[in-house]
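Trainee:
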Amino acid sequence: KMIRYILSSFALIIIVTYLVKLIYRRMKFLEKLSKLPGLNSYPIIGDSLEILFLKRNELMKHNAERRDKYKSSGIYLEWDGPFAEIHVLRPEYAEVALKSTVNITKSLAYDFLYDWLGTGLLTSTGKKWHTRRKMITPAFHFGILEDFVEIFGEKSEFLVKLLEKQECGKEFNIHPMITNCALDIICESAMGTTVNAQEKKDSKYVEAVNVLSELIIYRAFRPWLYADIIWKSSSHGKAFYRNLKTVHDFTNKVIMERLEARATAKTSIQHEYDDGVGRRKKRAFLDLLLEATENGNELSQADIREEVDTFMFEGHDTTAAGIGWVIFLLGNNPEVQRRVVDELDDIFGDSDRPATVQDLNNMKYLEMVIKETMRLYPSVPFIGRLVTEDMVFGDYLIPAGVWINIELINVHRCEDHFPDPEKFNPDNFLPEKIKNRHPFAYIPFSAGFRNCIGQRFALLEEKTVISSILRKFRVESTERQEDICLIMDLVLRPESGVKVKLYPRD
2 KMIRYILSSF ALIIIVTYLV KLIYRRMKFL EKLSKLPGLN SYPIIGDSLE ILFLKRNELM
62 KHNAERRDKY KSSGIYLEWD GPFAEIHVLR PEYAEVALKS TVNITKSLAY DFLYDWLGTG
122 LLTSTGKKWH TRRKMITPAF HFGILEDFVE IFGEKSEFLV KLLEKQECGK EFNIHPMITN
182 CALDIICESA MGTTVNAQEK KDSKYVEAVN VLSELIIYRA FRPWLYADII WKSSSHGKAF
242 YRNLKTVHDF TNKVIMERLE ARATAKTSIQ HEYDDGVGRR KKRAFLDLLL EATENGNELS
302 QADIREEVDT FMFEGHDTTA AGIGWVIFLL GNNPEVQRRV VDELDDIFGD SDRPATVQDL
362 NNMKYLEMVI KETMRLYPSV PFIGRLVTED MVFGDYLIPA GVWINIELIN VHRCEDHFPD
422 PEKFNPDNFL PEKIKNRHPF AYIPFSAGFR NCIGQRFALL EEKTVISSIL RKFRVESTER
482 QEDICLIMDL VLRPESGVKV KLYPRD
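Using our numbering, read the sequence shown as starting at 2 and increasing by one per residue.
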């Protein structure tokens with residue numbers, strides 16, 4: 002009995018000591034956060050009640066109201082249940098968060114992507130992320146992008162042919178057509194294979210990608226589905242994994258076919274020619290990964306698949322949304338559209354030839370339009386980070402364990418750098434205005450060590466698709482900028498799509 006008593010007492014001391022340490026750490030944690038502006042939170046549930054009963058089409062409006070309330074401080078604290086989250090609204094705070102070489106772990110929301118993307122470039126951290134980033138960066142070298150531009154042109158030409166079938170002056174939603182075009186582009190660029198999304202040939206892969214995207218957002222807005230065991234047993238979770246198998250099977254099949262083709266050719270991709278007149282064969286992103294593997298980088302088939310899937314995920318909806326927003330804003334601003342068309346006429350004259358890389362580089366005003374569009378409506382309006390080591394934001398000490406939400410959509414509306422921030426004004430990106438602006442006042446592709454590796458790819462793709470449309474049509478939007486409702490799915494988009502009328506150019 003005495004031994005049992007001693008052991009029980011010892012166990013109790015250990016438990017009490019552990020609890021005291023937990024309470025002490027929690028008190029120190031709360032003390033560090035006490036200076037931050039924030040809401041009057043409830044115990045345990047935090048600020049969750051404020052958003053729990055909001056509809057999807059009310060969330061972005063709610064976010065804008067929070068921005069207006071805290072824009073003077075540029076930062077505020079919110080409690081998602083027991084979890085502390087810092088919202089960043091100003092460039093100087095965004096710079097601190099994004100330039101950190103230590104706090105590069107992404108936030109909880111990215112966990113929902115692991116089953117699909119594994120720990121590829123988007124979701125990995127630490128040594129693996131640094132190694133993969135270094136290995137993949139050459140895939141976006143300017144010379145490689147020239148191959149991709151040819152694909153951009155082919156798919157854009159097909160999109161224009163479909164648009165020519167639309168009734169002149171009749172309203173329709175152009176966004177699904179742009180999305181299918183972007184999917185065709187990214188499939189051929191990433192994997193070197195054609196899925197014919199624009200031809201609607203009932204591709205199981207295309208359908209599965211769309212279902213996965215919808216189900217990830219469905220889960221993100223339902224906290225009771227966050228636990229994997231609950232998600233996997235739910236009807237939506239089961240549908241997710243059925244479609245995930247379709248996507249992974251397709252990617253694995255393409256990888257195996259590429260490996261067999263390379264083994265048969267017994268030559269490096271750099272020396273393959275496909276047209277009989279000495280022109281180099283177009284290289285897909287997958288080819289570049291396989292070549293990197295042959296050159297000594299240790300990548301398994303699963304490693305290659307997760308990077309191809311990541312490229313597909315990051316380069317599909319994001320670019321489609323960006324193109325859609327440009328079309329929407331040009332349709333609302335005919336004088337800006339006229340200037341873009343004048344620039345295209347100067348470049349192409351009466352020629353119907355496809356755009357070259359040099360042509361795209363010469364589209365200076367269109368680039369200003371695209372940048373201003375991404376300022377107002379960044380495809381990814383929020384970036385999440387986990388603080389793994391204490392960091393300082395101005396007068397505020399942010400302890401480890403806090404989530405950071407860098408709100409790009411609101412950083413881009415900082416009045417110090419963009420007077421009249423809600424107005425669409427491409428002149429915001431004149432060289433003389435950019436020169437004196439905070440470098441983190443405009444960061445649609447993120448910034449710092451984890452900035453978007455494919456931003457040059459995205460810009461060239463957007464220029465190609467938009468210029469192809471505007472060379473053939475005058476665009477008129479049927480909804481005004483002030484009337485649209487923003488929806489945050491995997492990307493930021495207008496709730497009702499991009500409704501336009503098209504008129505053939507003379």
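Where a beta carbon is used, it is the ideal one built from N, C-alpha and C, also for glycine.
Is L90 closer than 8 Å to I76 when the C-beta atoms are compared?
Mentor: Stepping through the sequence shown from its first residue, residue 76 is reached at position 75. Stepping through the sequence shown from its first residue, residue 90 is reached at position 89. Cβ distance < 8 Å, so I76 and L90 count as in contact.
Trainee: Curious, which full-length beta strand (DSSP E) runs of at least 3 residues does the segment 388-470 contain?
Mentor: DSSP runs (the beta strand (DSSP E)) wholly in the segment 388-470: 392-394, 397-399, 404-408.
Trainee: What is the residue span of the beta strand (DSSP E) that A110 lies within?
Mentor: The residue labelled residue 110 in the question sits at position 109 within the sequence shown. Premise fails: A110 is in no beta strand (DSSP E) and is neither H nor E.
Trainee: Using the DSSP secondary-structure output, state which residues sit across from L552 in a beta bridge.
Mentor: Nothing can be reported for residue 552: it is not among the residues displayed for the chain, which extend from 2 to 507.
Trainee: Taking C-beta to C-beta, are L367 and I467 nearer than 8 Å?
Mentor: Counting from one through the sequence shown, the residue named residue 367 turns up at place 366. Counting from one through the sequence shown, the residue named residue 467 turns up at place 466. It is a contact, given that the beta carbons lie within the stated cut-off.
Trainee: DSSP has V89 in a bridge; who is on the other side?
Mentor: Counting from 1 along the sequence shown, the entry for residue 89 is found at position 88. For V89, which the question treats as bridged, DSSP gives the partners I76, I407.
Trainee: H439 to D351, Cα distance in whole Å?
Mentor: One-based indexing of the sequence shown puts residue 439 at position 438. One-based indexing of the sequence shown puts residue 351 at position 350. Their Cα atoms are separated by approximately 41 Å.
Trainee: Expressed to the nearest angstrom, what Euclidean distance is found between the alpha-carbon atoms of S469 and V337?
Mentor: Within the sequence shown, residue 469 is the residue found at index 468, counting from 1. Within the sequence shown, residue 337 is the residue found at index 336, counting from 1. Answer to the nearest angstrom: the Cα atoms are 17 Å apart.
Trainee: Apart from the five residues on each side of it in sequence, which residues of its chain come closer than 7 Å, Cβ to Cβ, to A221?
Mentor: Here residue 221 is taken as the residue at index 220 of the sequence shown, counted from 1. Closer than 7 Å at Cβ, skipping near neighbours: A110, F113.
Trainee: Are the Cβ atoms of G509 and V207 separated by less than 8 Å?
Mentor: As displayed, the chain neither begins before 2 nor continues past 507, which places residue 509 out of reach and without an answer.
Trainee: In the DSSP assignment, find the alpha helix (DSSP H) that holds P335 and state where it starts and stops.
Mentor: Reading the sequence shown from its first residue, position 334 is the one you call residue 335. Start and end: 335-349.
Trainee: Would you kindly report the start and end of the unbroken beta strand (DSSP E) that includes I217?
Mentor: Counted from its first residue, the sequence shown places residue 217 at position 216. No beta strand (DSSP E) holds I217; the alpha helix (DSSP H) holding it covers 205-221.
Trainee: Taking G121 as the reference, which of R386, I405, P400, F312 has the closest Cα?
Mentor: Position 120 of the sequence shown, counting from 1, holds the residue named residue 121. Answer by Cα proximity: F312.
Trainee: Cα separation between R263 and L291?
Mentor: Stepping through the sequence shown from its first residue, residue 263 is reached at position 262. Stepping through the sequence shown from its first residue, residue 291 is reached at position 290. R263 and L291: Cα-Cα distance of roughly 9 Å.
Trainee: Run through DSSP, which three-state label would R481 get?
Mentor: Translated into positions along the sequence shown, residue 481 becomes position 480. Coil.
Trainee: So, with DSSP's three-state summary, where would you put G498?
Mentor: To locate residue 498, count along the sequence shown from 1; it is residue 497. Three-state result, G498: coil.
Trainee: Give the DSSP-derived three-state secondary structure of R386 in the structure shown.
Mentor: Here residue 386 refers to the residue found at position 385 of the sequence shown. In the structure shown, R386 sits in a strand (DSSP, three-state: E or B).
Trainee: Report, in whole angstroms, the separation of the C-beta atoms of E463 and V327, which I expect to be a contact under 8 Å.
Mentor: Locating residue 463 in the sequence shown gives position 462, where the first residue counts as 1. Locating residue 327 in the sequence shown gives position 326, where the first residue counts as 1. Their Cβ separation, rounded to whole angstroms, is 7 Å, which keeps E463 and V327 in contact under 8 Å.
Trainee: Check F54 in the structure and name its three-state DSSP category.
Mentor: The residue labelled residue 54 in the question sits at position 53 within the sequence shown. Note: F54 maps to coil in three-state DSSP.
Trainee: For the beta strand (DSSP E) that contains L487, what are its first and last residues?
Mentor: Translated into the one-based positions of the sequence shown, residue 487 becomes position 486. It spans 487-489 - the beta strand (DSSP E) in which L487 sits, taken as one unbroken run.
Trainee: Cα-Cα, which of L55, N58, R68 is closest to L40?
Mentor: Taking the first residue of the sequence shown as position 1, residue 40 is located at position 39. Of L55, N58, R68, the residue nearest in Cα terms is R68.
Trainee: Any chance the segment 359-378 sits against the segment 430-437, with 3 or more Cβ pairs inside 8 Å?
Mentor: Segments in contact, yes.
Trainee: Taking R27 as the reference, which of F141, A285, C453, A85 has the closest Cα?
Mentor: As a working note, residue 27 is residue 26 in the sequence shown. Ranking F141, A285, C453, A85 by Cα distance to R27 puts A85 first.
Trainee: Would you call A459 buried or exposed, if buried means 16 or more other Cβ atoms sit within 10 Å of its Cβ?
Mentor: Your numbering for residue 459 matches position 458 in the sequence shown. The residue is buried, with at least 16 neighbouring Cβ atoms inside 10 Å.
Trainee: Give the DSSP bridge partners of G39, in chain order.
Mentor: Residue 39 sits at position 38 when you count from the first residue of the sequence shown. Note: G39 sits in a beta bridge opposite L78.
Trainee: Between V393 and I405, is the Cβ-Cβ spacing less than 8 Å?
Mentor: For the purposes of this step, residue 393 is taken as the residue at position 392 of the sequence shown. For the purposes of this step, residue 405 is taken as the residue at position 404 of the sequence shown. No, they are not a contact pair.
Trainee: For L491, which option in R457, E408, P382 has the closest C-alpha, if you only look at C-alpha atoms?
Mentor: Taking the first residue of the sequence shown as 1, we reach residue 491 at position 490. Answer by Cα proximity: P382.
Trainee: So, under 8 Å CB-CB, P445 and P379 are touching, yes? Tell me the CB distance rounded to an integer number of Å.
Mentor: Looking up residue 445 in the sequence shown gives position 444. Looking up residue 379 in the sequence shown gives position 378. About 4 Å separates the two Cβ atoms, so the contact holds.
Trainee: Residues in the same chain with beta-carbon distance under 8 Å from F425, minus the five sequence neighbours each way, listed in chain order, please.
Mentor: For the purposes of this step, residue 425 is taken as residue 424 along the sequence shown, with counting starting at 1. Counting only Cβ-Cβ distances below 8 Å, and skipping sequence neighbours, we find L330, N333, N334, V337, E373, T374, L377, Q482.
Trainee: What is the DSSP secondary structure of L300, counted as helix, strand or coil?
Mentor: In the sequence shown, the residue the question calls residue 300 occupies position 299. Three-state result, L300: coil.
Trainee: Which residue wins for smallest C-alpha separation from L99, given the options Y6, I435, G119, S447?
Mentor: Sequence index remark: in the sequence shown, residue 99 carries index 98 (1-based). Checking every option, the nearest Cα to that of L99 belongs to S447.
Trainee: Can you find the residues in the same chain that come closer than 8 Å, C-beta to C-beta, to H237, ignoring five residues on each side of it along the sequence?
Mentor: On the sequence shown, residue 237 is found 236 positions in, with the first residue counted as 1. Same-chain partners within the cutoff: L216, Y219, R220, L226.
Trainee: Could you spell out where the alpha helix (DSSP H) holding N362 opens and where it closes?
Mentor: Your numbering for residue 362 matches position 361 in the sequence shown. Note, N362: alpha helix (DSSP H), 358-362.
Trainee: For H63, count neighbouring C-beta atoms within 10 Å of its own C-beta (all shown protein chains included) and say buried if the count is 16 or more, exposed if not.
Mentor: Residue mapping note: residue 63 aligns to position 62 of the sequence shown, counting from 1. Exposed is the call here.
Trainee: For a test of the three-state rule: what should DSSP assign to E289, helix, strand or coil?
Mentor: Working through the sequence shown from its first residue, we reach residue 289 at position 288. In the sequence as presented, Glu is not what sits at residue 289; that position holds Leu. Helix at L289.
Trainee: Do V403 and I87 have their C-beta atoms within less than 8 Å of each other?
Mentor: Translated into the one-based positions of the sequence shown, residue 403 becomes position 402. Translated into the one-based positions of the sequence shown, residue 87 becomes position 86. Closer than 8 Å, so yes.
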